[in-house]
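Only one structure is covered here, and it is reproduced in the block below.
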Amino acid sequence: MMISKIIAAALTLMATATLSHASPETDALAQKLMKSMPGLTIDSLSPSAIPGLYEVVSGGDVAYVTLDGVHMIQGTMFNVPARKNLSERTLSTQRAKALQDLDPASLIVYKASGAEKQVITVFTDPSCPYCHRLHDEIPKLNELGVTVRYALYARSGEGTLTSRQLSEVLCAADKKTALMRFFANPSLNSSGADCDQAQGLERIARAANQVGLKGTPHIVTNTGYASSGYMPAPELLRAIQQGS
0 MMISKIIAAA LTLMATATLS HASPETDALA QKLMKSMPGL TIDSLSPSAI
50 PGLYEVVSGG DVAYVTLDGV HMIQGTMFNV PARKNLSERT LSTQRAKALQ
100 DLDPASLIVY KASGAEKQVI TVFTDPSCPY CHRLHDEIPK LNELGVTVRY
150 ALYARSGEGT LTSRQLSEVL CAADKKTALM RFFANPSLNS SGADCDQAQG
200 LERIARAANQ VGLKGTPHIV TNTGYASSGY MPAPELLRAI QQGS
């Protein structure tokens, strides 16, 4: 059975809480949750649309908990008459906020041709086959008015070959050419590099967790709509327009 990240977070070693709309009630609830689940990282904790239930966001997941911290529900909350997905609205806000924390100097940008219709941030990894396929769609996306911002993310983690490759890319004078070398040959050796831009990889990794990344390529719009995996350019544009 797959354990959701909001529960799995209890297995980590550090406990932090950044609460939205903090109050004595939510502060007390946060302490109860972190006592029950040592290591839980709370990105947001606030009253939900249902009286008595509080909405807790952790690592791109959302759950609902009683004020006493005893009962937790995982799932999607809807406003039925309005046909609104309230859980997705919360997560979209969190994703959009996470993108704002990225260092622009650590992103590789492919600007839209002509009038810009959409801006998407793509968490990408040169060792990911579907990232290769999406990369081939960038010229078409640019022609359709989509600006693509690459956030380089090593699925294999820190200290791996991919992470060294990504630091080398961000320290290169021509980042796009350097990235293409590793897209063309993901097993190409790299000693890594150290520069201010490469320090942004840590912020990208944090943002990846906050936007709920579970695989690459992971696409997030400025409004917080998210989509994982490969889609042809026209299909992707339709999806992000509908989602936004």
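Going by numbering that gives the first Met the number 0, the letters in the sequence shown line up with residues 0 to 243, in that order.
Beta carbons are placed, not taken as given, at the ideal position from N, Cα and C, and that holds for glycine.
Note that this is a predicted model, so its numbers are computed, not measured.
Rounded to whole angstroms, the gap between the alpha carbons of K174 and L151 is 11 Å.
Inter-segment contact for the region 83-96 and the region 214-223 is present: three or more beta-carbon pairs are separated by less than 8 Å. Under the three-state reduction of DSSP, H217 is assigned to strand. In the DSSP annotation of this structure, the continuous segment of the alpha helix (DSSP H) that includes P138 starts and ends at 137-142. Along the length of the region 145-173, whole alpha helix (DSSP H) runs at least 4 residues long occupy 160-170, reported in chain order.
It is roughly 19 Å from the alpha-carbon of G68 to the alpha-carbon of G58.
Shortest Cα-Cα distance from S126 to any of V56, A153, L235 involves A153.
Bridge partners of E54 according to DSSP: S45, Y63. If you draw a straight line from the Cα of M33 to the Cα of E115, it is about 44 Å long.
Checking the DSSP bridge columns, you'll see I203 has no partner listed. In this structure, R148 keeps its C-beta atom at 8 Å or more from the C-beta atom of T176. Burial state of G113 is exposed, judged by a 10 Å Cβ sphere holding fewer than 16 other Cβ atoms. Closest option to L98, judged by alpha-carbon separation, among Q198, S47, I203, L235: I203. Within 10 angstroms of the beta-carbon of T75 lie fewer than 16 other beta-carbons, which makes it exposed.
Going by beta carbons, L101 and A21 fall outside the 8 Å limit. In the DSSP annotation of this structure, the continuous segment of the alpha helix (DSSP H) that includes S86 starts and ends at 85-99.
Residue state for A238 is assigned as helix, using DSSP reduced to three classes. Taken through DSSP and simplified to helix, strand or coil, M71 comes out as strand. Of the other Cβ atoms in all chains shown, fewer than 16 fall within 10 Å of the Cβ of A183; this residue is therefore exposed. The continuous beta strand (DSSP E) containing L106 extends over residues 106-109. Collapsing the DSSP output to three states places N184 in coil. Here F122 is not near L39, since their CB atoms are 8 Å or more apart. For the set E234, P23, I41, A27, the Cα lying nearest the Cα of K139 is the one of E234.
The beta carbon of A62 is closer than 6 Å to those of I5, V55, M71, Q73 in its chain, skipping five residues each way along the sequence.
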